[in-house]
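Remarks on the structure that follows.
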Amino acid sequence: MTPQPVTPRERGATVIPDRVVARIAARAGREALSARPNRPARAAPPAPDASAHVHGSSARIRLAVELPYPTDLAAAARELQRQVAQRVGRLTGLEVTEVALAIRRLLPEGSDGRVGRVV
């Protein structure tokens, strides 16, 4: 006897919590920042701080990142937003409607990312 197909309504829904989407977004942001062309060969950039809000089948993401300086900030931000939205969408099945970026600080070329004065 062949089982009858079950309708989506009877199957239920998969719910992905905000914090899970935020963790995926942080990882996607770090991957995108690590893959940047002309990135100095040093330790991988820190993972961005991320938060997410999931509503139904869509998600809004906020990232706080550190970017190298000098760089074209507008182009770097657009590319980071595109890559994070694409990766999060692919991994979660959610439509990412917004990736808001806050640039936490700019890291001068040749900097190792440490804060403070080096004597």
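In full-length UniProt numbering, the protein residues as written are 1 to 119. Positions of the beta carbon are idealized from the N, C-alpha and C atoms, including for glycine.
Report the rounded CA-to-CA distance for residue i versus residue j, giving the unit in angstroms.
i           : j       : result
Glu-79      : Pro-3   : 47 Å
residue 121 : Ile-24  : Coverage of the chain is limited to positions 1 through 119, which leaves residue 121 absent and any answer about it impossible.
Gly-29      : Val-20  : 14 Å
Pro-17      : Pro-5   : 28 Å
Glu-109     : Glu-10  : 56 Å
Ala-77      : Arg-27  : 16 Å
residue 128 : Pro-8   : There is simply no residue 128 to check, as the chain begins at 1 and stops at 119 in what is shown.
Gly-12      : Arg-90  : 21 Å
Gly-56      : Ala-102 : 25 Å
Val-84      : Val-99  : 8 Å
Val-54      : Arg-82  : 18 Å
In terms of residue numbering, what span does the alpha helix (DSSP H) encompassing residue i cover?
i       : result
Leu-80  : 73-92
Glu-109 : Counting along the chain, Glu-109 falls outside any alpha helix (DSSP H), and DSSP gives it neither H nor E.
Pro-8   : 8-11
What is the DSSP secondary structure of residue i, reduced to helix, strand or coil?
i       : result
Ser-34  : helix
Gln-4   : coil
Ile-16  : coil
Ala-102 : strand
Ala-47  : coil
Ala-28  : helix
Ala-22  : helix
Do residue j and residue i come within 8 Å of each other at the CB atom, strictly closer than that value?
i      : j      : result
Ala-47 : Val-88 : no
Pro-45 : Glu-31 : no
Ala-22 : Ala-50 : yes
Ile-61 : Val-96 : yes
Assuming residue i is part of the beta strand (DSSP E), what are its boundary residues?
i      : result
Ser-58 : 58-69
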